[in-house]
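Per the working numbering, the sequence shown starts with residue 18, numbered consecutively.
The beta carbon of each residue, even a glycine, is placed where N, CA and C say it ideally should be.
Structure first, then comments.
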Amino acid sequence: MKILLGDKDKNTLQRWLKSRAVGPKQKLRVKIILMTAEGRPTEELMSLLNVSNPTLNLWRK
């Protein structure tokens, strides 16, 4: 799956990762989006983030 992010969107998501106002579920989603946009394979994301394939697909939608 491909996700294309502009610089503005990427910067916003990276700020959210550092924010205390963003909860853990939202941070997981941000990580999935950013790592998918980097072109990382599904298997790598599953391993690094300790999530299942259905979870990845849910958050990528």
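Check	Outcome
Start and end residues, alpha helix (DSSP H) containing I50	41-54
Three or more C-beta pairs below 8 Å linking the stretch 26-34 and the stretch 55-70	no
M63, enclosing alpha helix (DSSP H) - first and last residue	59-66
Proximity of T53 and R37 at Cβ, strictly below 7 Å	no
Cutoff 8 Å; reference I50; Cβ partners in own chain excluding five residues on either side	I20, L22, L30, W76, R77
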